[in-house]
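I have placed the structure first, in the form of C-alpha cells, so that the comments after it can refer back to it.
2 protein chains.
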Amino acid sequence: MLAYSGAVTDAFKALADPTRRTILDELTARDGQTLFELCARLTTNHGLASSRQAISQHLEVLESAGLVRTRREGRYKFHEIDTAPLEPIVERWLRRPGSDPGGTGETS
Amino acid sequence: MLAYSGAVTDAFKALADPTRRTILDELTARDGQTLFELCARLTTNHGLASSRQAISQHLEVLESAGLVRTRREGRYKFHEIDTAPLEPIVERWLRRPGSDPGGTGETS
DNA sequence: ACTATAGGCAAGCACTCACTTGCATGTCAA
DNA sequence: TTGACATGCAAGTGAGTGCTTGCCTATAGT
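Residue numbers (my numbering), protein chains in the order written: chain L, 1 to 108; chain Z, 109 to 216.
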C-alpha cells in the first residue's frame, strides 16, 4: 500500500521482534551498555545466541525508532534506553469510546 | 531462529501494521462493526483503500492476537475491540530500573 | 609501527508478510 | 428455488525482514 511510515510505525515495528524486546529488557536492567557487553549479557542472562552483527542491526532499528539513544566515547559506543515513544502507544486505544479520534495527521 | 511466538509477540506484530492500527481506531470510535461496515468506514473516515479480503485478513490477525473478538449473528459477523492485551505492554519497560526482570518464561 | 579490540558497511539468502485473484460457502429476501 | 448479499478459503506474487558472511575503519595498548 506504500503507506507512509512515521514515528508510530517505527516504534511498533521495532517492538515486533522478540530479540529487540529482550534488548530493551537488558537495557532496563543495566543501562548504557556497549554492543559487546549486550551480546555477552543477552547470552548469559537471556539465553539469546545472536551474533554481534545481528544485535548491531537490532540496535540500529531501535535507535531509528527513538527507543535507544547512543553516546560515543573513544572506541566504545554506549546504548541507553528511551521509553518516551512508548507512552502514547497504549493510551491511544485505552480511552473510552465516544470521542472520535479524528485525523491528527501524525498517527498512522 | 525458530523462535516460539507467544501471545506477547502476537500482540506486538498485530500492532506493527498501520492498517490494523487504523482498524482498532475505527472499532474504538464504533464498536461491533461488520466486515463490510469496516471497509466502508475505513475508506470514508480514514482514506484507507484496502480491499475486503485485505481487511478480512487483518481482522484474522487481530483476532488471533486477542485484540478483537467476533460474534456471529446470521450472515453477519460483528467485531469488537478488546484492549486487554495492551495493558501489560508498555508497563514492561516503564518501571524504574534496578529490579532485575529475570526470566518468567512467558515473555519473549 | 604493530596488534588487538570495538564497531561499521554491504551483498546475499531464506523466510515472512500484506495483498491480490478466483472460487466456494452460507444466509436472507423474493 | 433463485438470486443477491456477507463472508470464507487458498494459491500465488512482490516487497520487506532477520540473519549471515566477508571485509573495512577507527581507537587503544605495547
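All C-beta atoms in this analysis are idealised placements derived from N, C-alpha and C, irrespective of residue type, glycine included.
Keep in mind the model is a prediction, meaning the values are calculated, not measured.
- Of the residues L:Glu91, L:Tyr76, L:Arg71 and L:Arg75, the one whose Cα lies closest to the Cα of L:Asp82 is L:Arg71.
- The continuous alpha helix (DSSP H) containing L:Thr9 extends over residues Ala7 to Leu15.
- By the beta-carbon neighbour count (other beta carbons within 10 angstroms, threshold 16), L:Ser64 is exposed.
- Contact between the segment 158-178 of chain Z and the segment 118-130 of chain Z is established, with three or more Cβ pairs separated by less than 8 Å.
- Along the length of the segment 39-88 of chain L, whole beta strand (DSSP E) runs at least 3 residues long occupy 68-73 and 76-81, reported in chain order.
- Close to Z:Lys121, with beta-carbon spacing below 7 Å, are these residues of chain L in chain order: Ala16.
- Taking all protein chains shown into account, Z:Ser159 has fewer than 16 neighbouring C-beta atoms within 10 Å of its C-beta and is therefore exposed.
- Separation of L:Arg92 and L:Ala49 (C-alpha to C-alpha, rounded to the nearest whole angstrom) is 35 Å.
- Near chain Z, meaning a CB-to-CB distance below 8 Å, the residues of the segment 68-88 of chain L are Ile81, Thr83, Leu86 and Glu87.
- Taking a 10 Å sphere around the C-beta of Z:Glu188, we find fewer than 16 other C-beta atoms and assign the residue as exposed.
- Chain Z has a Cβ within less than 7 Å of the Cβ of L:Val90.
- When C-alpha distances from Z:Arg129 are compared across Z:His166, Z:Ala115 and Z:Asp118, the shortest belongs to Z:His166.
- Residues of chain L whose Cβ lies closer than 8 Å to the Cβ of Z:Leu170 do not exist, since the nearest Cβ in that chain is about 11 Å away.
- Restricting attention to L:Arg41, L:Thr19, L:Thr9 and L:Pro18, the CA atom closest to the CA of L:Ala29 is found in L:Arg41.
- Using a Cβ-Cβ cut-off of 7 Å, L:Leu94 is close to Thr191 and Leu194 of chain Z, given in chain order.
- Looking at the backbone, the Cα of Z:Asp118 and that of L:Thr19 are separated by about 14 Å.
- Chain order gives the chain L residues near Z:Leu132 as Trp93, where near means a beta carbon separation below 7 Å.
- According to the DSSP assignment, L:Arg30 belongs to no alpha helix (DSSP H), since it is labelled neither H nor E.
- Here L:Asp25 is buried. Its C-beta has 16 or more other C-beta atoms within 10 Å.
- L:Val90 and L:Lys77 have their alpha carbons spaced roughly 31 Å apart.
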